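Numbering-wise (UniProt numbering), the sequence shown opens with residue 1 and increments by one. Scroll down for the structure; my scribbles are underneath it.
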Amino acid sequence: MSVALHGIAASANGGTTLHPVTLELHPGRPHVLLGPTGAGKTTLLRLLAGLDRPSAGRLLAEGQDVTGLPPRRRSVAMVYQQFINYPTLTVFENIASPLRVARLPRAEIEGRVREAARLLRLEPYLARRPLELSGGQQQRTAIARALVKRAALVLMDEPLANLDYKLREELREELPRLFAGTGSVFVYATTEPAEALLLGGQVATLSQGRLTQSGPAGAVFRRPVDLATARVFSDPPLNEAPAELRGGVLHLGGEITLPAPPGAPQSGRCTLGIRAHEISLDPLPGAVALPAKVRLAEVTGSESYVHLDVMGDLRWVALVPGVRRPEPGSSAMVHFDPRRVLLFGADGRLAAVAELAEAA
1 MSVALHGIAA
11 SANGGTTLHP
21 VTLELHPGRP
31 HVLLGPTGAG
41 KTTLLRLLAG
51 LDRPSAGRLL
61 AEGQDVTGLP
71 PRRRSVAMVY
81 QQFINYPTLT
91 VFENIASPLR
101 VARLPRAEIE
111 GRVREAARLL
121 RLEPYLARRP
131 LELSGGQQQR
141 TAIARALVKR
151 AALVLMDEPL
161 ANLDYKLREE
171 LREELPRLFA
181 GTGSVFVYAT
191 TEPAEALLLG
201 GQVATLSQGR
211 LTQSGPAGAV
221 FRRPVDLATA
231 RVFSDPPLNE
241 APAELRGGVL
251 HLGGEITLPA
261 PPGAPQSGRC
271 TLGIRAHEIS
281 LDPLPGAVAL
291 PAKVRLAEVT
301 GSESYVHLDV
311 MGDLRWVALV
321 PGVRRPEPGS
331 SAMVHFDPRR
341 VLLFGADGRL
351 AAVAELAEAA
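Following this line, the structure appears as structure tokens:
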């Protein structure tokens with residue numbers, strides 16, 4: 001089944017919560033909704049599920065208008081960030097509940113539940129009740145319930161956010177595979193750019209209730225259409241600097257210049273953007289060097305986040321390999337390859353992409 005949104009919008013309390021969205025969703029690959037809290041991801045999922053009615057637009061399933069259909073008449077399953085299970089039922093009964101509502105034969109219910117339990121490593125816990133489980137086991141129970149339903153549309157609203165790191169990594173890898181074979185349209189909402197890239201497939205970025213871009217995840221990451229999309233798809237935050245183009249040269253202030261990326265306008269105000277992993281604290285061949293002061297260093301083990309005040313008032317973050325603990329307040333030089341920058345015009349639209357930024 002394919003799903004198409006044509007100008008779907010939502011409003012509440014006299015204000016617009018979701019500006020018109022036009023998007024096509026197809027089975028066989030993940031569709032990721034990426035955006036910060038409050039961007040409109042959950043609103044869009046609720047409209048897809050039929051839990052809320054749009055203020056404008058149409059929702060089509062296989063070409064049929066289903067905009068006004070209630071959830072019970074849609075083939076849809078939804079998993080929330082806060083796992084929801086029936087506390088008085090066993091894990092087996094929780095997973096089986098939608099199948100019993102559908103009045104499937106007992107043997108088929110048994111088979112589907114045990115297969116889902118095997119895939120999600122819940123077999124030892126089928127006789128337990130939710131309060132006897134860990135948070136991760138409870139969330140896997142909720143995911144298993146969505147899986148056995150074999151719904152045409154599966155919606156997941158940050159389902160891994162409350163799980164421990166190891167389990168998140170395992171399920172992030174497994175979820176697309178679990179649902180790819182069912183023929184379901186699989187839609188997954190997240191605030192994390194890394195999760196969107198790891199899930200792969202298609203991504204739609206949202207910012208302040210607007211769909212800013214959609215396409216293959218890697219392509220949107222490498223070539224964001226505007227500054228809003230680049231910010232959504234950057235973690236740590238995108239490093240930005242106001243600049244001016246004069247005669248094909250980018251002026252960052254003072255005597256600091258760098259060649260403008262191919263295709264950039266000859267003149268005008270703009271914003272330079274460079275991602276944290278492209279920043280180095282050590283000299284690089286052909287790099288631009290900017291003076292900075294260290295604000296804070298955070299070591300995660302294999303890499304370090306170094307927060308900096310660059311050129312006096314720009315707050316940047318460098319994501320560097322290994323353990324780096326420069327003293328707060330100490331002077332530093334930050335280095336970046338001018339071939340890895342993004343350039344945005346005064347209107348926020350992408351003006352140019354340097355040659356290596358698109359290959360990142």
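Where is the CB? At the ideal position from N, CA and C, for every residue including glycine. A quick note: this is a predicted structure, and the numbers were derived from the prediction, not measured.
CB of residue i within 8 Å of CB of residue j, strictly
i	j	result
Gln-137	Tyr-125	yes
Ala-10	Asp-65	no
Leu-342	Gly-273	yes
Ala-217	Val-101	no
residue 374	Leu-99	With the chain covering only 1 through 360, there is no way to say anything about residue 374.
Val-232	Leu-290	no
Val-225	Arg-128	no
Cys-270	Ala-346	yes
Ala-228	Leu-238	no
Ala-96	Leu-147	no
Pro-262	Leu-245	no
Leu-167	Thr-141	no
Leu-23	Ser-267	no
Arg-58	Thr-67	yes
Start-to-end residues for the alpha helix (DSSP H) that takes in residue i
i	result
Ala-56	Taken as a continuous stretch (DSSP letters only), Ala-56 belongs to no alpha helix (DSSP H), being part of the beta strand (DSSP E) at 56 to 61.
Pro-98	91 to 101
Gly-136	135 to 149
Ser-43	One point to set straight first is that residue 43 is Thr, not Ser, in the sequence displayed. Thr-43 -> alpha helix (DSSP H) spans 41 to 49.
Gly-111	106 to 119
One or two residues paired with residue i in a DSSP bridge
i	result
Asn-239	Ile-274
Thr-205	Leu-34, Gln-213
Arg-349	Asp-226
Asp-309	Lys-293, Arg-315
Gly-268	Leu-245
Asp-157	Ala-189
His-335	Ser-280, Ala-289
Met-78	Leu-155
Leu-344	Checking the sequence, you will find Phe at residue 344 rather than Leu. According to DSSP, which records beta bridges pairwise, Phe-344 is partnered with Thr-271, Leu-350.
Gly-253	Ile-256
Pro-321	Glu-303
Asp-65	Leu-60
Glu-174	None, per the DSSP bridge assignment.
Glu-298	Tyr-305
From the options, residue whose alpha carbon lies closest to that of residue i
i	options	result
Met-78	Arg-114, Pro-27, Pro-30, Leu-155	Leu-155
Arg-118	Arg-145, Glu-24, Pro-130	Arg-145
residue 429	Glu-110, Pro-130, Glu-158	Outside the displayed span of the chain (1 to 360) sits residue 429, for which this structure offers no information.
Gly-15	Pro-27, Thr-229, Ser-55, Glu-123	Ser-55
Asp-164	Pro-71, Ser-134, Val-288	Ser-134
Leu-356	Lys-293, Ala-287, Pro-87, Arg-103	Ala-287
Ser-330	Ala-196, Glu-110, Ala-292	Ala-292
Arg-172	Phe-92, Gly-247, Leu-197	Leu-197
Asn-85	Leu-131, Arg-339, Leu-160	Leu-131
Phe-92	Ala-243, Asn-13, Leu-120	Leu-120
Glu-170	Leu-104, Gly-183, Glu-195, Leu-252	Glu-195
Arg-339	Glu-278, Thr-300, Gly-183	Glu-278
Pro-326	Ile-143, Gly-254, Glu-298	Glu-298
Arg-103	Lys-149, Thr-90, Ile-143	Lys-149
residue 370	Tyr-188, Phe-344, His-251	Residue coverage of the chain in this structure runs from 1 to 360, which leaves residue 370 outside it and unanswerable.
Gly-63	Gly-254, Arg-106, Glu-108, Met-1	Met-1
Residues near residue i by beta carbon distance below 8 Å, same chain, minus five either side
i	result
Val-249	Thr-257, Leu-258, Pro-259, Ala-260
Leu-76	Note that residue 76 is Val in the sequence shown, not Leu. Hits under 8 Å: Leu-48, Ala-49, Gly-50, Ala-151, Ala-152, Leu-153, Val-154, Leu-155.
Glu-303	Leu-319, Val-320, Pro-321, Gly-322
Leu-284	His-335, Phe-336, Asp-337
Leu-69	Gly-50
Arg-29	Pro-176, Ala-180, Phe-186, Gly-200, Gly-201, Gln-202
Pro-36	Thr-191, Ser-207, Val-232
Gln-82	Asn-162
Same chain, Cβ closer than 6 Å to residue i, neighbours up to 5 away in sequence not counted
i	result
Val-3	Leu-25, Ala-61, Val-185
Val-21	Leu-5, Ile-8, Leu-211
Leu-314	Ala-241
7 Å Cβ shell around residue i - same chain, five flanking residues per side excluded
i	result
Ser-234	Pro-193, Arg-275
Leu-18	Ala-9, Ala-10, Gly-40, Thr-43, Leu-44, Gly-209
Arg-295	His-307, Leu-308, Asp-309, Pro-328
Leu-281	Val-306, Ala-318, Val-320, Arg-324, Ala-332, Val-334
Arg-72	none
Leu-178	Leu-119, Leu-147
Thr-205	Leu-34, Gly-35, Thr-212, Gln-213, Val-220, Thr-229, Val-232, Phe-233
Range covered by the beta strand (DSSP E) that runs through residue i
i	result
Ile-256	256 to 259
Val-3	3 to 12
Leu-23	15 to 25
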